[in-house]
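S.K.:
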Amino acid sequence: MTLTISLPRIHIAPGSHLTIPDVSWGDFTTLLEELGEKRHSRLAYYQGLLEIMSPLALHEKPSRLITDIVKAILDCQGRDWEDFGSTTLKRPPLAGVEPDTCFYIQNAALMRTERNLNLSESPPPDLAIECDLTSKTIIQAYEAIQVPEVWIYADDCLSIHLYSEQGYQDSSQSQIFPDLPITTIIPQFIQKAYQIGTRQMLAELKAQLQ
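Below, the structure is given as structure tokens:
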């Protein structure tokens, strides 16, 4: 397939997405380079299917709040972490995906000095987080990359998906935080942040955890 449209010139309305079939891995990596990192859109690729998404502005706050909550919990537990944000995760030539954010936790020490993530040499992130996700392309990409745990926050609820050889299995319990009711904590404290502000919400969370 030869791409005849200059994708950097395509304007996708916030909250919408564009799906393009029969895209080669080479085309996908070229698009990543052409679009650059300073962009609002996000890309997902799985076996020739490219999806370009433009998140709504209201999508960003829950994502950042979940990131803050995860860091607060890890701090209270005295555990190391490395936040790799929306780094493009690639498993050539099969899949590529850009999470809202992703963490190395079990493998934090291994990834501490990593500057150029290469999943052929390094493990995938221990946790990837997505907000308002409806795309099967993204879930299939995560399966190909074998991210151990994926959280999806949508409609004020958090779902946990644990990787297995049969694909992702829904779970009510996080493997990363097995002693905490994560599916309750995340929505509860996101709502608290809207009510009392992020700083106060995090202070209450830390007090509860301690």
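So the sequence shown is numbered by the working numbering: it starts at 20 and just counts up by one. Ideal Cβ positions, reconstructed from N, Cα and C, are used throughout, including at glycine.
Taking only three categories from DSSP, how would you classify Glu79?
M.R.: Residue state, collapsed to three classes: helix.
S.K.: Please report the distance separating the alpha-carbon of His59 from that of Glu117.
M.R.: Spanning the two alpha carbons is a distance of roughly 12 Å.
S.K.: Entirely within the stretch 76-147 and at least 4 residues each: give me those alpha helix (DSSP H) ranges in chain order.
M.R.: List check, alpha helix (DSSP H) in window: 76-95, 127-130.
S.K.: Out of Pro167, Asp102, Arg134, Asp99, which one is the CA nearest neighbour of Ser190?
M.R.: Closest by alpha carbon: Pro167.
S.K.: By how many angstroms is the C-alpha of Ser178 removed from the C-alpha of Lys155?
M.R.: So the alpha carbons of these two residues sit roughly 15 Å apart.
S.K.: Mind checking Pro143: buried by the 16 CB within 10 Å criterion, or exposed?
M.R.: That one is buried.
S.K.: With DSSP run on the structure shown, which of helix, strand or coil describes Leu22?
M.R.: The predicted model places Leu22 with a pLDDT of 47, which falls under 50 and marks its position as unreliable; any figure quoted below should be read in that light. Three-state result, Leu22: coil.
S.K.: Thinking Gly97 and Thr107 are a contact (beta carbons under 8 Å), I'd like their distance in whole angstroms, please.
M.R.: At roughly 31 Å, the Cβ-Cβ gap does not stay under 8 Å, so Gly97 and Thr107 are not in contact.
S.K.: Are Tyr123 and Glu140 close, meaning C-beta to C-beta below 9 Å?
M.R.: Cβ distance not < 9 Å, so Tyr123 and Glu140 don't count as in contact.
S.K.: Pull up the DSSP beta-bridge partners for Glu149, would you.
M.R.: Answer is Ile171.
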